[in-house]
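Under the working numbering, the first residue of the sequence shown is numbered 4, with each subsequent residue one higher.
No residue lacks a Cβ here, since even glycine has one placed at the ideal position from N, Cα and C.
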Amino acid sequence: MGDLRRIISESQDRQGMFQQTTVLFVDEIHRFNKAQQDVILPHVEIGTFTLVGATTENPSFEVIAPLLSRCRVFKLEPFKNG
């Protein structure tokens, strides 16, 4: 959680000083617990950063509803040979 709070703080500083938005990529976002997702939520809402989360699980079951409702879900399929 300490790393997450540091990233949020740095993102806020970058946004305030340089009007730059950070892209936060979270691989295996399904492994974030509810508390971690709750920490991210207000920053997604106000635009502190743009969240890109990757998961092999169904996000409807693994990501809290308030966070999921503020995201666009893209389902990627494997390439087909041929």
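- The region 25-37 makes contact with the region 60-73: 3 or more CB pairs, one atom from each, lie closer than 8 Å.
- Setting aside the 5 residues that flank it on each side, Phe82 has no residue in the same chain whose C-beta is closer than 8 Å to its C-beta.
- DSSP places Gly50 outside both helix and strand once states are collapsed to three, so it counts as coil.
- Within the DSSP secondary-structure output, Val26 pairs in a beta bridge with Thr53.
- It is roughly 17 Å from the alpha-carbon of Thr25 to the alpha-carbon of Arg73.
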